[in-house]
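Asks: Submitted below is the structure of interest, expressed as structure tokens.
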Amino acid sequence: MTPLPRSRFANIGRSQEVGRVLLLAGLGVPALCWLFSVTGCSKVRPEEPTVSVETASVEKQTLERTVTAEAILFPLQQSALVPKVSAPVKAFYVKRGSRVRKGQLLAVLENRDLAAAAQENKGAYNQAEAAYETTTAASLPEEIQKAKLDADVAKETLDATQKVYDSRQELYKQGALPRKDLDQASVNLVQARSQYDIAEKHLNSLMAVGKQQELKSAAGQLESAKGKYLGAQAQLSYSEIRSPIDGVVTDRPLYPGEMAAVGTPLITVMDISQVIARAHIPQDQPALLKIGDKATITVTGTDKPVAAKVTVVSPALDPNSTTVEVWIQAKNPGQQMRPGASVQVSMLSHTVPDALVVPASAILTAPDGGTSVMVVGSDNRAHQKAVKTGIKHVDDIQIVEGVAEGEEVVASGAYGLPDNTKVTVERGKQSSQLPEKPPGKEKEKEKEKDER
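My numbering runs 2 ahead of the 1-based position in the sequence shown.
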């Protein structure tokens with residue numbers, strides 16, 4: 003079968019197509035774009051990315067400067083009762099958890115030997131007391147009696163000599179007695195008076211010395227007996243264990259019949275009507291505190307703080323930790339706070355009224371220590387502003403200068419955010435965008451950029 007001849011118009015068409023391709027290639031890319039303009043080839047600008055952030059308003063608040071620390075609870079008072087004598091426990095009258103009053107009898111040790119010793123010493127004391135009373139009222143000793151007798155004889159001699167002298171003086175006046183006899187009577191009177199004075203002084207001396215010595219000896223024996231008796235009474239009292247404070251029994255390690263030893267606590271009593279939280283704070287913070295400052299104590303695991311106050315700020319550093327110990331005291335009516343528990347304490351140093359406050363998370367810190375925030379303007383863009391910060395309280399921080407009340411700062415998402423970034427504001431679960439400029443003006447600006 004003979005093939006049909008090809009049409010001459012086929013080559014003509016192919017030549018025309020090749021010509022078009024060569025022509026377009028010679029004209030270049032602009033011609034291509036012009037050629038395909040009717041099919042949509044035009045310049046397309048990518049949209050500017052938008053970053054989603056959370057903001058917070060700069061507000062005025064009353065801000066509190068606080069010092070916070072971890073602390074351990076201690077009782078207001080504590081007494082570990084240690085026996086002063088070693089003896090078996092005769093009886094306990096309390097157990098752990100028992101509430102006791104000051105002076106209440108808690109336990110008794112075996113004390114029969116102590117009671118017997120006290121009774122014996124009491125008898126000796128009574129004897130010494132009787133001897134002292136007898137000595138006080140006793141008659142004079144023999145030596146004193148002899149001296150008194152001599153004094154009495156001298157007195158009688160003096161009286162007799164005085165009568166003789168008086169009689170001879172009368173006779174001398176009448177002329178019936180010579181002068182020498184009167185003079186002799188006068189000499190005898192002087193001698194008798196001298197003898198009497200000597201005897202009287204001797205008697206007084208013996209009475210003073212002898213009586214004093216006897217009384218002193220008797221008094222010494224009485225005091226010695228009294229001391230032994232009181233010592234025995236004290237030993238007997240040591241067998242009775244009494245509470246020195248109001249409180250609760252927190253420990254009683256022994257059982258009746260076991261040996262209580264000197265130096266080993268027998269019963270522990272704590273007063274937990276109030277508790278003391280002891281905290282250690284850095285050495286630059288005690289200057290912010292003073293006794294009487296308000297504080298709170300929060301027990302670990304709870305969110306309800308208890309009102310308290312600062313009662314002690316140690317004047318010295320702990321040599322081991324170079325920290326300062328602070329005591330915070332609080333009432334414990336329900337006794338929910340237990341000694342030994344870990345707590346969080348917050349101590350109020352001072353209050354700043356009308357402070358400009360932002361979330362602490364909004365603060366950006368530069369390597370050189372400078373601080374700034376990202377402020378969202380009405381153009382929906384974040385602008386970085388340098389700020390000066392003040393005191394920090396929990397999650398808030400004071401802005402001393404740099405922003406004004408009512409401005410919106412980026413509270414979350416500011417880290418690494420470039421200045422003048424377009425943002426979308428989120429507030430909690432709701433999402434909103436700050437008012438934009440009129441769309442007409444935006445389109446005009448876009449058109450001007452395209453023309454350029």
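Ideal placement from N, C-alpha and C gives every residue a C-beta, glycine not left out.
Could you name the residues that DSSP lists as bridge partners for serine 414?
Replies: The residue you call residue 414 lines up with position 412 of the sequence shown. Paired residue(s): Glu56.
Asks: Using 10 angstroms around the beta-carbon of valine 274, count the other beta-carbons present and answer buried if the total reaches 16, otherwise exposed.
Replies: Here residue 274 is taken as the residue at index 272 of the sequence shown, counted from 1. Sequence check: residue 274 is isoleucine here, not valine. Buried.
Asks: Leaving out the 5 sequence neighbours to the left and right, which residues in its chain are closer than 8 Å to alanine 93 when beta-carbon positions are compared?
Replies: Mapped onto the sequence shown, residue 93 falls at position 91. Taken in chain order, the residues that qualify are Ala109, Val110, Pro258.
Asks: Should histidine 385 go down as buried or exposed, given a rule of 16 or more other Cβ atoms within 10 Å for buried?
Replies: The sequence position of residue 385 within the sequence shown is 383, counting from 1. The residue in question, histidine 385, is exposed, as its Cβ has fewer than 16 Cβ neighbours within 10 Å.
Asks: Measure the alpha-carbon distance for lysine 230 versus serine 245 and round it to whole angstroms.
Replies: Start at 1 with the first residue of the sequence shown, and residue 230 comes out as number 228. Start at 1 with the first residue of the sequence shown, and residue 245 comes out as number 243. Answer to the nearest angstrom: the Cα atoms are 26 Å apart.
Asks: With DSSP collapsed to three states, give me the class of aspartate 199.
Replies: By 1-based counting over the sequence shown, the position of residue 199 is 197. It is helical.
Asks: Is it the case that the Cβ atoms of threonine 423 and arginine 383 are separated by a distance below 8 Å?
Replies: As a first step, residue 423 must be located in the sequence shown, where it is residue number 421. As a first step, residue 383 must be located in the sequence shown, where it is residue number 381. Contact flag set, yes.
Asks: Buried or exposed, going by whether 16 or more other CB atoms sit within 10 Å of the CB of asparagine 322?
Replies: Locating residue 322 in the sequence shown gives position 320, where the first residue counts as 1. Exposed is the call here.
Asks: Beta-carbon separation of leucine 290 and arginine 67 under 8 Å?
Replies: The residue given as residue 290 occupies position 288 in the sequence shown. The residue given as residue 67 occupies position 65 in the sequence shown. Yes, the pair counts as a contact, with Cβ atoms nearer than the cut-off.
Asks: Rounded to the nearest angstrom, what separates valine 402 and glutamate 56 at their Cα positions?
Replies: Taking the sequence shown and counting its residues from 1, the one referred to as residue 402 is at position 400. Taking the sequence shown and counting its residues from 1, the one referred to as residue 56 is at position 54. Each residue's Cα considered, the two are about 22 Å apart.
Asks: What does DSSP give as the partner residues of glutamate 273 in its beta bridges?
Replies: One-based indexing of the sequence shown puts residue 273 at position 271. The question names glutamate, but residue 273 is aspartate in the sequence shown. Paired residues: Gln79.
Asks: Excluding five sequence neighbours on each side, which residues of the same chain lie with their C-beta closer than 6 Å to the C-beta of alanine 130?
Replies: Here residue 130 refers to the residue found at position 128 when the sequence shown is read from its first residue. Closer than 6 Å at the Cβ level, and outside the excluded window around alanine 130, lie Gln223, Leu224, Ala227.
Asks: Looking only at its chain, what residues have a beta carbon closer than 7 Å to the beta carbon of arginine 280, apart from the 5 residues adjacent to it on each side?
Replies: Taking the first residue of the sequence shown as position 1, residue 280 is located at position 278. Around arginine 280: Ala73, Ile74, Phe76, Glu327, Trp329.
Asks: Could you say if the region 363–371 and the region 310–322 meet the contact criterion of at least three C-beta pairs nearer than 8 Å?
Replies: Too few Cβ pairs lie closer than 8 Å, so no.
Asks: My output table needs one value for glycine 222: the three-state DSSP class, helix, strand or coil.
Replies: As a first step, residue 222 is located in the sequence shown; it is residue number 220 there, counting from the start. Three-state result, glycine 222: helix.
Asks: To which residues of the same chain is glycine 265 closer than 8 Å at the C-beta, ignoring the five residues directly before and after it?
Replies: Taking the first residue of the sequence shown as position 1, residue 265 is located at position 263. Closer than 8 Å at the Cβ level, and outside the excluded window around glycine 265, lie Val84.
Asks: Exposed or buried, what is aspartate 320 when buried is set at 16 or more other beta-carbons lying within 10 Å of its beta-carbon?
Replies: One-based indexing of the sequence shown puts residue 320 at position 318. Counting Cβ neighbours within 10 Å, aspartate 320 comes out exposed, since fewer than 16 surround it.
Asks: Starting from the N-terminal side, write out each stretch of the beta strand (DSSP E) that is 3 residues or longer and does not extend beyond the region 331–376.
Replies: Runs found: 344–361.
Asks: So who's on the other strand from isoleucine 146, going by DSSP bridges?
Replies: What you label residue 146 is simply residue 144 of the sequence shown in a count that begins at 1. Its beta-bridge partners do not exist; DSSP assigns none.
Asks: So what does DSSP say about glycine 249, is it helix, strand or coil?
Replies: The sequence position of residue 249 within the sequence shown is 247, counting from 1. Here glycine 249 sits in strand by DSSP.
Asks: Do isoleucine 375 and lysine 394 have their CB atoms nearer than 8 Å?
Replies: Here residue 375 corresponds to residue number 373 of the sequence shown, with the count starting at 1. Here residue 394 corresponds to residue number 392 of the sequence shown, with the count starting at 1. Sequence inspection shows valine at residue 375; the isoleucine mentioned does not correspond to that position. Taking 8 Å as the Cβ cut-off, valine 375 and lysine 394 do not qualify as a contacting pair.
Asks: In chain order, what residues of the same chain lie with their CB nearer than 6 Å to the CB of lysine 333, ignoring the 5 residues before and after it?
Replies: Numbered from its first residue, the sequence shown carries residue 333 at position 331. Hits under 6 Å: Gln276.
Asks: Tell me where the beta strand (DSSP E) around proline 90 begins and ends.
Replies: Position 88 of the sequence shown, counting from 1, holds the residue named residue 90. Residues 89–94.
Asks: If you follow the beta strand (DSSP E) that glutamate 242 is in, where does it begin and where does it stop?
Replies: Locating residue 242 in the sequence shown gives position 240, where the first residue counts as 1. From DSSP, the beta strand (DSSP E) with glutamate 242 extends over 242–244.
Asks: Measuring straight from C-alpha to C-alpha, what distance separates serine 348 and glycine 379?
Replies: If you number the sequence shown from 1, residue 348 lands on position 346. If you number the sequence shown from 1, residue 379 lands on position 377. The alpha-carbon atoms of serine 348 and glycine 379 are separated by roughly 37 Å.
Asks: Using the Cα positions of valine 251 and glycine 418, report the straight-line distance between them to the nearest angstrom.
Replies: Position 249 of the sequence shown, counted from the first residue, corresponds to residue 251. Position 416 of the sequence shown, counted from the first residue, corresponds to residue 418. Each residue's alpha carbon lies about 60 Å from the other.
Asks: Classify threonine 298: buried if its beta carbon has 16 or more other beta carbons within 10 angstroms, exposed otherwise.
Replies: Position 296 of the sequence shown, counting from 1, holds the residue named residue 298. Flag for threonine 298 reads buried.
Asks: Given that a residue counts as buried once 16 or more other Cβ atoms are within 10 Å of its Cβ, and exposed if not, what is isoleucine 200?
Replies: Translated into the one-based positions of the sequence shown, residue 200 becomes position 198. Answer is exposed; the Cβ neighbour count stays below 16.
Asks: Looking at the structure shown, is leucine 65 part of a helix, part of a strand, or coil, going by DSSP?
Replies: To locate residue 65, count along the sequence shown from 1; it is residue 63. Reduced to three states, the DSSP call for leucine 65 is strand.
Asks: Span of the beta strand (DSSP E) holding glycine 392?
Replies: Along the sequence shown, read from residue 1 onward, the residue named residue 392 stands at position 390. Its beta strand (DSSP E) spans residues 383–395.
Asks: Measuring only the C-alpha atoms, how far is phenylalanine 38 from glutamate 50?
Replies: Numbered from 1 along the sequence shown, position 36 holds the residue referred to as residue 38. Numbered from 1 along the sequence shown, position 48 holds the residue referred to as residue 50. Residue placement at phenylalanine 38 is flagged as unreliable, the pLDDT there being 45, under the threshold of 50; the coordinate-derived value follows with that caveat. Cα to Cα, the separation comes out at about 28 Å.
Asks: Suppose the cutoff is 6 Å on Cβ atoms and the five residues either side in sequence are ignored; what does the same chain contact list for glycine 430 look like?
Replies: As a working note, residue 430 is residue 428 in the sequence shown. With a pLDDT of 45 at glycine 430, under the threshold of 50, the modelled position of that residue is not reliable, and the figure given next carries that caveat. Cβ within range, chain order: n/a, list empty.
Asks: Rounded to whole angstroms, how far is the Cβ of alanine 364 from the Cβ of aspartate 397, which I believe are closer than 8 Å?
Replies: In the sequence shown, counting from the first residue as 1, residue 364 sits at position 362. In the sequence shown, counting from the first residue as 1, residue 397 sits at position 395. About 10 Å; that fails the 8 Å criterion.
Asks: When you compare the CB positions of alanine 82 and threonine 270, do they come within less than 8 Å of one another, or not?
Replies: Here residue 82 is taken as the residue at index 80 of the sequence shown, counted from 1. Here residue 270 is taken as the residue at index 268 of the sequence shown, counted from 1. Yes, the Cβ-Cβ distance between alanine 82 and threonine 270 is below 8 Å.
Asks: When you compare each of Ile243, Ala236, Arg114, Thr302 to arginine 103 by their alpha carbons, which one comes out closest?
Replies: In the sequence shown, the residue the question calls residue 103 occupies position 101. Comparing Cα-Cα distances from arginine 103 to each of Ile243, Ala236, Arg114, Thr302, the minimum goes to Ile243.
Asks: Considering glutamine 400, what are the terminal residues of the beta strand (DSSP E) in which it resides?
Replies: On the sequence shown, residue 400 is found 398 positions in, with the first residue counted as 1. From DSSP, the beta strand (DSSP E) with glutamine 400 extends over 398–403.
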